[in-house]
Amino acid sequence: MSADAADEIRGTAHGTAPVPLSVLDLVTVGAGRTASDALRTGVDIARLAESRGFHRYWVAEHHSMPGVASSSPAVILAHLAAHTGRIRLGSGGVMLPNHAPLVIAEQFGTLEAMAPGRIDLGLGRAPGTDGATAAALRRSDRLNEGADDFPQQLAELTRFLDDDFPDGHPYRRIHAVPGPVQATSPGGVQSPHRPPLWLLGSSGFSARLAGMLGLPFAFAHHFSAQNTVPALDLYRESFRPSGVLDAPYALIGVSALATDDEKEARRQVLAAALNMVRLRTGRPGLVPTPEEAEAYDFSPMEREFVDSWNANVIHGTPDEVRTGLDELQKRTGADELMLTANAHGGDVRLRSYALIADAYGLPAPA
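In terms of my numbering, the sequence shown opens at residue 2 and continues consecutively.
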């Protein structure tokens, strides 16, 4: 195993945090706010996370959702790279079936050239949207075929990233640029380094595949909590040492929101839950305000969904959130916690990360 490869994956816990802490940003857009507002907040969060010792900051690919402005992770990451200097930046994730592997290799090779040694490439096999939008993205309505082909697409992407298609392969003379080919060209002085791959999942498929390939694994606990422990167990049982890792490394995405008082936390997560109600019932929109959520007349079925959803959102005062995160890490054995703060206002989200950093005694901002 390459020590450099492992160091890019494994983070360092700071303060009293049980494991490294990271950020998953959905670049949420609240009612009365713009995508520009959300993207500016993303820069603020990334800078805060860097200054306080969070290990990485990822954005996730979503489409056709007015309340989520992260349809183009590579573009957002390029912007963030220009506004940060140390924190790891990555996709959590890019939905591989939506794209040609060569395009992803080129995009993330470009990001690696912009921010050497700081880029992660997290990959998922879900569409990141509804079926009709996925068909528009892929120019095909054979969506299951794309998901079923994920291992083959992953292998092709890896070949492009490593520039090592075998002789006789139809892509042998095709190179992802920027990439390793530049280091082997006459006069080449480019680094052959490429971003580490992560597999993302909300069930067992990617857990098993990540284990078999010896890759790090990221599980979406924030929307598939009932599958977290089984998926992590399957990942660890399936793990085979590789040139990337000699032991499993798994992070989990966690919805966590800290506010100065418990009542305000409940108001904020209710608004985020109403947003999910609308999304799940085919009415996606901007994230509503807490006032709108408090005035909303939830049906019994919607109320049941809200209660179930918020049961997996760790929220409250900083001490309450810290306790909840500690208990979750102990229960799952996660090697890293990636926190996502879903709220209407960017100021609330930014404040939440600062409060959690304070609760764990993370490094003071420079």
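Using N, Cα and C, we set each Cβ at its ideal position, and we do this for glycine too.
Does DSSP put residue i in a helix, a strand or coil?
i	result
residue 105	helix
residue 53	helix
residue 337	strand
residue 286	coil
residue 324	helix
residue 175	coil
residue 236	helix
residue 2	Any reading at residue 2 needs caution, since the residue's pLDDT is 41, under 50, leaving its predicted position unreliable; the model's value is listed next. In this structure, residue 2 counts as coil in the three-state DSSP scheme.
residue 16	coil
residue 30	coil
Applying the criterion that 16 or more other CB atoms from any shown protein chain within 10 Å of the CB defines a buried residue, is residue i buried or exposed?
i	result
residue 365	exposed
residue 170	exposed
residue 236	buried
residue 231	exposed
residue 248	exposed
residue 330	buried
residue 250	buried
residue 26	buried
residue 190	exposed
residue 300	exposed
residue 121	buried
residue 2	Residue confidence for residue 2 is low, a pLDDT of 41 falling below 50, so the modelled location carries little weight; the figure read from the coordinates is stated next. It counts as exposed.
With residue i and residue j assumed to form a contact (beta carbons below 8 angstroms), what rounded beta-carbon distance in angstroms separates them?
i	j	result
residue 212	residue 192	Not quite, the Cβ-Cβ distance comes to about 29 angstroms (not below 8 angstroms), so this is no contact.
residue 21	residue 13	6 angstroms
residue 97	residue 126	6 angstroms
residue 93	residue 60	7 angstroms
Whose C-alpha, out of the options, is nearest the C-alpha of residue i?
i	options	result
residue 9	263, 199, 237	199
residue 182	171, 300, 229, 164	164
residue 135	317, 252, 64, 46	64
residue 276	267, 268, 266, 287	287
residue 336	343, 293, 327	327
residue 244	71, 137, 176, 216	216
residue 319	358, 331, 313	358
residue 368	24, 261, 298	Absent from the model: residue 368. The displayed extent of the chain is 2 to 367, so no value can be given.
residue 50	361, 362, 354	354
residue 114	197, 62, 179	179
residue 367	208, 48, 174	48
residue 308	267, 290, 78	267
Would you kindly report the start and end of the unbroken beta strand (DSSP E) that includes residue i?
i	result
residue 26	22-26
residue 92	89-96
residue 218	218-220
residue 253	251-259
residue 84	Where residue 84 is concerned, there is no enclosing beta strand (DSSP E), given that its DSSP letter is neither H nor E.
residue 357	Per DSSP, residue 357 belongs to no beta strand (DSSP E); it is in the alpha helix (DSSP H), 347-360.
residue 317	315-317
residue 363	From DSSP, residue 363 is part of no beta strand (DSSP E); its letter is neither H nor E.
residue 246	Per DSSP, residue 246 belongs to no beta strand (DSSP E) and is neither H nor E.
residue 202	198-202
Would you mind reading off the limits of the alpha helix (DSSP H) that contains residue i?
i	result
residue 168	It is not in any alpha helix (DSSP H) - residue 168 carries neither H nor E in the DSSP assignment.
residue 121	Counting along the chain, residue 121 falls outside any alpha helix (DSSP H), though it belongs to the beta strand (DSSP E) covering 120-125.
residue 275	263-281
residue 205	205-214
residue 292	291-296
residue 302	301-311
residue 191	Looking at the DSSP string, residue 191 is not in any alpha helix (DSSP H), and its letter there is neither H nor E.
residue 184	182-185
Check whether the Cβ of residue i sits closer than 7 angstroms to any heavy atom of the ligand ZN, and report yes or no.
i	result
residue 126	By its list of ligands, the structure shown contains no ligand whatsoever, and the ligand ZN lies outside what it can speak to.
Using 8 angstroms as the limit for Cβ to Cβ distance, is residue i near chain C?
i	result
residue 255	Here there is only one protein chain, and chain C is not present.
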